[in-house]
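Residue numbers (the working numbering): 17 to 322.
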């Protein structure tokens, strides 16, 4: 594996290998000193052209726990603010001896372009509405950890699917691992040509709750919307929010997930976020192990000590 730009880059066997390595790196993260020398001498550049908390810090923690050197690129304090092109920025970081670039950008396709311009490994940390493959991997890993397997689980993805790169990657990964997926959203928040997706679609959340193993809420991404797609957030919550009453309809053991950040009281009620079957913090924790596994595989550390 040279790059990770899309879930399409991964076979089921590749995903299982990532999960197996993540089991090992989860154990590493629980050690008094959570660090191994697997990527000593390697340099990972964090190229985040879009704001991020969880993904950026998770990748940084992953690289450091593998003993890699980390270069953190900030748009506001870089030459980009002076008009430097993306291509020149990539060339500069490559010339500094970078071995991998973790790229997040508001425009779809930028990580693919960076990979074409550079000889280093590139990880897509989220590009526009396109994809976010490591988020899908950590979500599958969280379901696997809690429920034993993703196969044959019924996963409801709820909310702003139209603008969600997470939803696109998760659908690909969940379906590849033999889960059943149902999208639930108002018609204005469903993507074009959704009928070609390998999923079921419902406009009634209440009708699917008792039959699902996972409810995966998505943030209402008002910053990506170019037109009014909802009458109001209050009406959205009334029809599609995971309220306390709706959460009470979930089966025993059903999980509540969300990629974060959560608009509390909009997508999910605050009281539901505090329940033991809500696994947002587990998703974050598993994200470090998953990203350690991805960086390890990309940078070719076969035979490294652990």
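We put the CB at the ideal spot given by N, CA and C, even for glycine.
None of these values were measured; they are calculated from a predicted model.
Where does residue 243 land, buried or exposed, given buried means 16+ other C-beta within 10 angstroms? Low local confidence applies: a pLDDT of 48 at residue 243 is under 50, so the model's placement there is unreliable, and no value is given.
My output table needs one value for residue 90: the three-state DSSP class, helix, strand or coil. Residue 90: strand per DSSP, three-state reduction.
Which runs of the alpha helix (DSSP H) fall wholly inside the region 225-299 and span at least 4 residues, in chain order? 249-256, 260-263, 286-289
Alpha carbon of residue 257 to alpha carbon of residue 54, nearest angstrom: 43 Å
Report yes or no: do three or more beta-carbon pairs, one from the region 78-86 and one from the region 19-26, lie closer than 8 Å? no
Assuming residue 118 and residue 143 are in contact, meaning their beta carbons sit under 8 Å apart, how far apart are those beta carbons, in whole angstroms? With a Cβ gap of about 12 Å, residue 118 and residue 143 do not count as contacting.
Which term fits residue 263, buried or exposed, when burial requires 16 or more other beta carbons within 10 angstroms of its beta carbon? Classification of residue 263: buried, given that the 10 Å Cβ count is 16 or more.
Flag this pair as yes or no: are the beta carbons of residue 17 and residue 313 separated by less than 8 Å? yes
Distance between residue 310 and residue 260 (C-alpha atoms, nearest Å): 37 Å
According to DSSP, residue 119 sits in a beta bridge with which residue or residues? 63, 140
Where the beta strand (DSSP E) containing residue 173 begins and where it ends: 170-174
Among the residues of its own chain, which have a CB less than 6 Å from the CB of residue 188, if the five just before and after it don't count? 23
From 266, 230, 73, 281, residue whose alpha carbon lies closest to that of residue 156: Comparing Cα positions, the closest option is 230.
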